[in-house]
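Residue numbers for the sequence shown follow numbering that gives the first Met the number 0, beginning at 0 and rising by one.
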Amino acid sequence: MGKHNKLNGIIHIRIAFYSEVGIGISANTILLLFHLFKFLFDNGIKNTDVIIGLLALIHLLMLLIMGFIATDSLTPLGGLWDDITCKSVIYLYRFLRGFSISATCLLSVLQTITLSPRSSCLAKFKSRSPQDSLRWLLFLWLFYMPFSAHFSISAVANSTVSSQGLVFVSDSCTILPMTYFLRHLFSILGVFRDIFLIGFMVLSSGYMVTLLCRHRRQCQHLQSTSLSPQASPEQRATRTILLLMSFFVLLYSLDCIIFSSRIMWNNDPVCRSIQIMVSNGYATISPLVFICTEKQSVDFLKCLWGRRVNI
């Protein structure tokens with residue numbers, strides 16, 4: 000009976016995981032295609048459009064890699080990776096995760112600059128080209144990645160090590176424990192890095208909320224003079240990005256809590272599976288937020304659906 004319940008649990012986890020990955024891959028593909036068409040046929044593309052399109056590509060690749068990792072843990076084919084495969088998978092995932100966090104931070108800052116009034120000190124950054132935005136993204140990524148390099152360096156195949164004190168990535172791959180000094184050094188650097196990037200997001204989000212509240216008060220004044228102003232595209236985009244920042248902070252916090260619980264509970268398989276799904280949450284939710292809140296992307300989706308029906 001216990002074996003049967005365990006098998007059912009694995010099947011349910013597998014169904015939930017692949018459903019999440021399938022939705023995320025589909026949504027990111029649609030968002031990426033939308034911004035590719037916009038880049039090719041729309042002369043008025045903005046810096047934020049470039050970052051959103053790049054974010055969709057990053058999350059698409061992250062979900063594909065996470066699907067590869069989960070296949071090693073949730074199917075009978077697991078446990079066959081060698082050291083090179085382990086290091087490559089961990090490095091690629093950390094590489095993309097660093098880009099995802101950096102792009103999200105930059106997206107928040109760019110939208111703050113876009114929304115800021117002409118009298119603001121941020122106004123001088125409004126004319127920046129997409130190339131400048133990509134340079135800032137590269138700078139943020141270079142700031143993020145050195146503190147994460149130890150994950151790929153210490154990744155090894157499970158068959159070559161004992162199980163005590165390890166963090167399991169999949170049935171084939173683990174992260175070796177570090178010395179006390181290195182573990183605390185990387186922990187301190189990682190906390191500083193995350194506080195720095197999330198602090199940028201919180202500050203820019205707070206500033207955007209202040210500007211939106213000011214605009215709302217102006218709208219109420221205009222409505223009292225018999226006018227009916229509507230929110231501009233920049234203000235609608237700001238609300239979308241604020242919603243995205245909320246999801247990011249929530250899921251990032253949950254990911255950190257569950258990862259700490261994994262270590263305390265000695266890599267419990269259920270806790271590991273939950274963390275994998277929470278880690279995928281932002282990559283799955285973010286394209287849905289953009290698609291559902293942007294009118295042009297909704298029209299693009301209707302167009303694709305109409306062509307499919309006609310075919």
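For every residue, glycine included, the Cβ atom is placed at its ideal position computed from N, Cα and C.
Pick helix, strand or coil for residue 270, following the three-state DSSP scheme.
Against the sequence shown, residue 270 aligns to sequence position 271. Three-state DSSP puts residue 270 in a helix.
If we count the other Cβ atoms within 10 Å of its Cβ and call it buried at 16 or more, is residue 198 buried or exposed?
Counted from its first residue, the sequence shown places residue 198 at position 199. That one is exposed.
Which one of 10, 26, 18 and 16 has the shortest CA to CA distance from residue 284?
Translated into the one-based positions of the sequence shown, residue 284 becomes position 285. Residue nearest to residue 284 within the set 10, 26, 18 and 16 is 26 (criterion: CA-CA distance).
Give the secondary structure of residue 16 by DSSP, where H, G and I count as helix, E and B as strand, and everything else as coil.
Start at 1 with the first residue of the sequence shown, and residue 16 comes out as number 17. If DSSP states are grouped into helix, strand and coil, residue 16 belongs with the helices.
Evaluate residue 269 with the Cβ neighbour count: other Cβ atoms within 10 Å of its Cβ, from every protein chain shown; 16 or more gives buried, anything less gives exposed.
Looking up residue 269 in the sequence shown gives position 270. When all chains shown are included, residue 269 counts as exposed.
State the Cα-Cα distance for the pair residue 323 and residue 64, rounded to the nearest angstrom.
This structure cannot settle anything about residue 323, because the visible part of the chain is limited to 0 through 310.
Taking 8 Å as the cut-off, does the region 95-113 touch the region 124-141 (at least 3 CB pairs, one atom from each stretch)?
yes
Just mark residue 291 as buried or exposed, buried being the case when its beta carbon has 16 or more other beta carbons within 10 Å.
As a first step, residue 291 is located in the sequence shown; it is residue number 292 there, counting from the start. Result: exposed.
From residue 61 to residue 217, what distance separates their C-alpha atoms?
As a first step, residue 61 is located in the sequence shown; it is residue number 62 there, counting from the start. As a first step, residue 217 is located in the sequence shown; it is residue number 218 there, counting from the start. Computed Cα separation, rounded: 42 Å.
According to the Cβ coordinates, are residue 59 and residue 24 closer than 8 Å?
On the sequence shown, residue 59 is found 60 positions in, with the first residue counted as 1. On the sequence shown, residue 24 is found 25 positions in, with the first residue counted as 1. Contact: yes.
Could you check if residue 47 is buried or exposed, using at least 16 other CB atoms within 10 Å of its CB as the buried criterion?
Counted from its first residue, the sequence shown places residue 47 at position 48. It counts as buried.
What separation, rounded to the nearest whole angstrom, lies between the Cα atoms of residue 36 and residue 118?
Locating residue 36 in the sequence shown gives position 37, counting from the first residue. Locating residue 118 in the sequence shown gives position 119, counting from the first residue. The alpha-carbon atoms of residue 36 and residue 118 are separated by roughly 34 Å.
For residue 328 and residue 16, which I take to be in contact (beta-carbon distance under 8 Å), what is that distance rounded to the nearest angstrom?
This structure leaves residue 328 out entirely; the chain is present only between 0 and 310.
Secondary structure at residue 233, three-state DSSP: helix, strand or coil?
As a first step, residue 233 is located in the sequence shown; it is residue number 234 there, counting from the start. In the structure shown, residue 233 sits in a helix (DSSP, three-state: H, G or I).
Would residue 111 and residue 203 be called neighbours here (beta carbons separated by less than 8 Å)?
Counting from 1 along the sequence shown, the entry for residue 111 is found at position 112. Counting from 1 along the sequence shown, the entry for residue 203 is found at position 204. Closer than 8 Å, so yes.
If we require 3 or more residues per run, which beta strand (DSSP E) segments fall completely within the region 28-106?
Counting whole runs of 3 or more residues, the region 28-106 contains no beta strand (DSSP E) stretch at all.
With DSSP run on the structure shown, which of helix, strand or coil describes residue 202?
Numbered from 1 along the sequence shown, position 203 holds the residue referred to as residue 202. Helix, per DSSP.
On the CB-based measure, 16 or more other CB atoms within 10 Å of its CB, does residue 227 come out buried or exposed?
Within the sequence shown, residue 227 is the residue found at index 228, counting from 1. Note that residue 227 scores 46 on pLDDT, short of 50, meaning its location in the model is unreliable and no value can be drawn from it.
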